[in-house]
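Residue numbers (my numbering): 42 to 288. Encoded as structure tokens, the structure appears first; notes follow it.
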Ligand code: 6PG
């Protein structure tokens, strides 16, 4: 039995970016109206960049509560923010520098620091940003994830220690095949979110997406299978080239 995930298939990567940008704006308005803030965790990699660029075109849209948005990340590479591999830099260059944000509301992961220190500082920052969360786990209003070809999400890679982390919000996670530590949020944070949106595009993701959407134990575990928002929405926005072929 395939879990009835909420999967929206868009005709192209451009249509995916458009749909994701409109979804972002709608959630931002609702969240600020209900809670006075919109706290989002951006994902890394290449897929979200088109969405960032599309969202940047709405800079003049005053209905988007830009100044009430808190910008966080789901993971970061162990590089400075100026490095082209930086997830912060990708979002800054494509989106944040183009829209009227509050600089104090940007909570980047300090990839330039030693990974364990960066993880500790980011966890402390998240707890500060979400100080009113009674149960202590930050509850993002929107948390983006991409899907790696091996089924990883954030920097929760197959076989890595962080898959088993149940108390820390953020850890430095050694990725053997990359021979590097990555700083990543853990499942408790992902699964506390009010909404998790996975952005998946490209024909190269078709096979892993097909396996990702099967959660009845008939396919080997993938890190994405650990994504189960306990009381939040799970939405997949995928483009047609990545979508499993309907029979
Ligand atoms: C990262 C991301 C990672 C990414 C997936 C998909 O730091 O690379 O957080 O989890 O979302 O690898 O990446 P693409 O969108 O580039 O395929």
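Glycine is no exception: its CB is placed at the ideal position from the N, C-alpha and C atoms.
- A Cβ-Cβ distance of about 11 Å is found for the pair residue 187 and residue 253, leaving them out of contact under the 8 Å criterion.
- For the pair residue 91 and residue 257, the Cα-to-Cα distance works out to about 33 Å.
- Approximately 5 Å separates the beta-carbon atoms of residue 270 and residue 237; this is inside 8 Å, confirming the contact.
- The bridge partners DSSP lists for residue 274 are 236.
- A distance criterion of 8 Å places the beta-carbon of residue 259 beyond contact range of the ligand 6PG, judged by its closest non-hydrogen atom.
- The ligand 6PG approaches residue 88 closely enough that one of its heavy atoms is under 8 Å from the residue's Cβ.
- For residue 79, there is no enclosing alpha helix (DSSP H); the enclosing beta strand (DSSP E) has its first and last residue at 79-83.
- Remark: the C-beta of residue 276 is outside contact range of the ligand 6PG, defined as less than 8 Å to any heavy atom.
- The closest CA to that of residue 218, considering only 227, 201, 208 and 233, is found on 201.
- Here the alpha carbons of residue 103 and residue 205 stand approximately 42 Å from one another.
- Residue 280 and residue 235 do not touch by the CB rule: their CB atoms are close to 25 Å apart, not below 8 Å.
- Under the three-state reduction of DSSP, residue 170 is assigned to helix.
- Within the stretch 43-116, the runs of alpha helix (DSSP H) at least 4 residues long that lie entirely inside it are, in chain order, 54-76 and 88-97.
- Nearest Cα to residue 230 within the set 121, 267 and 50: 267.
- In this structure, the CA atom of residue 164 is about 26 Å from the CA atom of residue 70.
- Secondary structure of residue 154 (DSSP, three-state): coil.
- Classified as exposed, residue 262 has fewer than 16 neighbouring CB atoms from the shown chains inside 10 Å of its CB.
- The beta carbons of residue 93 and residue 56 sit no closer together than 9 Å.
- The beta carbon of residue 142 lies closer than 8 Å to those of 107, 108, 110 and 112 in the same chain, with the five residues before and after it left out.
- Boundaries of the beta strand (DSSP E) around residue 213: 211-216.
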